[in-house]
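Asker: There's a structure below that I have some questions on.
Residue numbers (the UniProt record's numbering): 1 to 361.
Pasting the structure below:
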């Protein structure tokens with residue numbers, strides 16, 4: 001029997017500890033499931049590219065599990081590689097991510113809406129649009145996104161962006177550098193510190209372990225990601241009572257949390273106005289798309305707060321003055337939408353979009 005000395009046990013202990021301390025950052029950097037490091041040689045980049053190659057073969061995909069960072073990065077890379085350039089591009093959030101060519105009535109579209117990206121997703125995709133699309137006939141449908149969380153700084157109507165998904169950070173900095181009066185609360189230094197933190201994070205290590213065996217699955221029965229960039233998530237069955245409960249919950253919470261819009265800020269230094277200026281500079285006149293709320297949610301939210309009414313009136317006046325087409329309405333009653341036209345409190349199903357686009361002049 002071999003008996004190790006106390007000194008050798010200490011050496012073995014620290015040797016194992018050193019190996020473990022090296023494994024965590026190397027593994028986190030190599031897998032990088034949330035695209036923190038923007039490592040183009042990571043396993044997650046390879047996974048995204050595998051998805052894109054299947055989508056380019058016109059194959060719809062199912063997710064082995066929902067991962068917002070992977071969806072966002074895949075959407076951007078897919079858009080940059082799609083050929084020919086689309087004639088219709090939709091910029092927005094998960095609320096408009098299900099709109100497809102059947103709804104618009106055009107064959108060559110790309111739904112560039114990023115689920116979970118909010119304002120950062122819209123800006124990131126616009127920056128990529130400028131790099132890719134050189135066709136002056138290309139049309140942009142822009143969702144005028146309003147927060148339903150009640151956080152004023154999450155709106156297109158303010159000059160400050162507080163929520164930024166890590167995977168989108170490299171794609172949006174140019175926009176904020178161009179308009180220095182806007183505030184992006186995520187700085188380069190903060191992002192660097194976050195990357196250092198994630199490099200040694202055991203929590204991120206576990207996240208990466210969970211996705212390391214994820215597979216790209218072709219699914220024609222119940223797909224999630226479609227070749228045109230749209231998502232099929234809202235067409236899945238959902239418990240009617242759960243849908244009703246969600247609509248009531250969000251509606252009541254909005255009664256207390258909706259901000260009152262400052263028209264002066266909308267007219268001058270908001271993210272929306274800066275985005276419209278940038279689009280005009282690049283020869284793009286967007287179509288405004290106002291995504292309706294579930295009628296129960298809307299009725300509860302507007303009982304004691306005119307936020308949606310004030311903002312929509314202002315948007316329509318602005319659009320009229322600048323010859324911009326407006327589609328949709330935050331008010332679902334404008335299109336006689338019912339609770340069955342919604343997946344939850346604020347995600348319209350395809351039937352809702354069909355009713356809205358059918359009214360297009």
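Even glycine gets a Cβ: it sits at the ideal position worked out from N, Cα and C.
Note the first and the last residue of the continuous alpha helix (DSSP H) segment covering residue 251.
Answerer: Taken as a continuous stretch (DSSP letters only), the alpha helix (DSSP H) holding residue 251 covers 240-257.
Asker: Which value, in whole angstroms, describes the spacing of the CA atoms of residue 122 and residue 79?
Answerer: Rounded to the nearest angstrom, the two C-alpha atoms are 13 Å apart.
Asker: Using three-state DSSP, classify residue 328 as helix, strand or coil.
Answerer: Three-state result, residue 328: strand.
Asker: In its own chain, which residues sit with a C-beta less than 6 Å from the C-beta of residue 185, not counting the 5 before and 5 after it?
Answerer: For residue 185, where only same-chain residues beyond five positions count, the Cβ hits under 6 Å are 162.
Asker: Would you list, in sequence order, the uninterrupted beta strand (DSSP E) runs of no fewer than 3 residues that lie entirely inside the segment 63-136?
Answerer: Here the runs fully enclosed are 88-91, 109-111.
Asker: Under 9 Å, do residue 103 and residue 113 count as touching if we go by C-beta distance?
Answerer: The answer is no: Cβ separation not under 9 Å.
Asker: Could you tell me the boundaries of the alpha helix (DSSP H) in which residue 311 lies?
Answerer: 307-321 is the span of the alpha helix (DSSP H), which, as asked, contains residue 311.
Asker: Would you mind sorting residue 236 into buried or exposed? The rule is 16 or more other CB atoms within 10 Å of its CB.
Answerer: Residue 236 is exposed by the Cβ-count criterion.
Asker: When we look at the beta-carbon of residue 188 and count the other beta-carbons within 10 Å, is it buried (16 or more) or exposed?
Answerer: So residue 188 ends up on the exposed side.
Asker: Determine whether the beta carbon atoms of residue 138 and residue 89 lie at a separation below 9 Å.
Answerer: Yes, the pair counts as a contact, with Cβ atoms nearer than the cut-off.
Asker: Tell me whether the beta-carbon of residue 234 lies closer than 9 Å to the beta-carbon of residue 357.
Answerer: Contact flag unset, no.
Asker: Taking all protein chains shown into account, do 16 or more other C-beta atoms lie within 10 angstroms of the C-beta of residue 355, making it buried, or fewer, making it exposed?
Answerer: Its Cβ being crowded by 16 or more others within 10 Å, residue 355 is buried.
Asker: How many whole angstroms separate the CB atoms of residue 332 and residue 294, which I take to be in contact at a CB cut-off of 8 Å?
Answerer: Rounded, the Cβ-Cβ distance is 7 Å, consistent with contact.
Asker: Evaluate residue 44 with the Cβ neighbour count: other Cβ atoms within 10 Å of its Cβ, from every protein chain shown; 16 or more gives buried, anything less gives exposed.
Answerer: Classification of residue 44: buried, given that the 10 Å Cβ count is 16 or more.
Asker: Okay, do the segment 197-207 and the segment 24-36 touch, 3+ Cβ pairs below 8 Å being the bar?
Answerer: Short answer: they touch.
Asker: Identify, in the order they occur along the chain, each residue of the same chain with its Cβ nearer than 8 Å to the Cβ of residue 134, setting aside the five sequence neighbours on each side.
Answerer: Excluding residues within five positions, the ones whose Cβ falls inside 8 Å are 85.
Asker: Would residue 341 and residue 348 qualify as a contact pair, given that the criterion is a beta-carbon distance under 9 Å?
Answerer: Contact: yes.
Asker: For residue 178, collect the residues of the same chain with a Cβ closer than 6 Å to its Cβ; drop the 5 residues on either side in sequence, then sort them by chain order.
Answerer: Same-chain partners within the cutoff: there are none.
Asker: Along the chain, where does the alpha helix (DSSP H) containing residue 205 start, and where does it finish?
Answerer: First-last of the alpha helix (DSSP H) with residue 205: 202-211.
Asker: How is the beta strand (DSSP E) around residue 56 delimited, first residue to last?
Answerer: First-last for residue 56: undefined, no H or E at that position.
Asker: Nearest CA to the CA of residue 308: which residue from 255, 338, 359, 191?
Answerer: Comparing Cα-Cα distances from residue 308 to each of 255, 338, 359, 191, the minimum goes to 255.
Asker: Between the beta-carbon of residue 156 and the beta-carbon of residue 271, is there less than 9 Å?
Answerer: For residue 156 and residue 271, yes; Cβs fall inside 9 Å.
Asker: For residue 353 and residue 278, I'd like the C-alpha separation in whole angstroms.
Answerer: Cα to Cα, the separation comes out at about 28 Å.
Asker: Taking all protein chains shown into account, do 16 or more other C-beta atoms lie within 10 angstroms of the C-beta of residue 125, making it buried, or fewer, making it exposed?
Answerer: So residue 125 ends up on the buried side.
Asker: For residue 202 versus residue 248, is the C-beta spacing smaller than 9 Å?
Answerer: Against a cut-off of 9 Å, the Cβ pair of residue 248 and residue 202 comes out as no contact.
Asker: Starting from the C-beta of residue 230, find all residues in its chain whose C-beta is less than 7 Å away, skip the five residues before and the five after it, and write them out in chain order.
Answerer: These residues qualify, in order along the chain: 97, 98, 99, 100, 111.
Asker: Using the Cα positions of residue 129 and residue 48, report the straight-line distance between them to the nearest angstrom.
Answerer: Taking the straight line joining both Cα atoms gives about 19 Å.
Asker: Run through DSSP, which three-state label would residue 348 get?
Answerer: Strand, per DSSP.
Asker: Quick one: measure Cβ to Cβ for residue 60 and residue 326, integer angstroms, because I've assumed they're closer than 8 Å.
Answerer: With 8 Å as the limit, residue 60 and residue 326 do not qualify as a contact, their Cβ atoms being about 31 Å apart.
Asker: Using three-state DSSP, classify residue 174 as helix, strand or coil.
Answerer: Residue 174 falls in the helix class under three-state DSSP.
Asker: How big is the Cα-Cα spacing for residue 346 and residue 291?
Answerer: Approximately 8 Å between the Cα atoms of the pair.
Asker: Measure the C-alpha to C-alpha separation of residue 310 and residue 94 and round it to an integer number of angstroms.
Answerer: When rounded, the distance between both Cα atoms is 23 Å.
Asker: Residue 62 and residue 219 look like a contact to me (Cβ under 8 Å); what is the Cβ gap, rounded to whole Å?
Answerer: That belief holds up - the Cβ atoms of residue 62 and residue 219 are roughly 4 Å apart, short of 8 Å.
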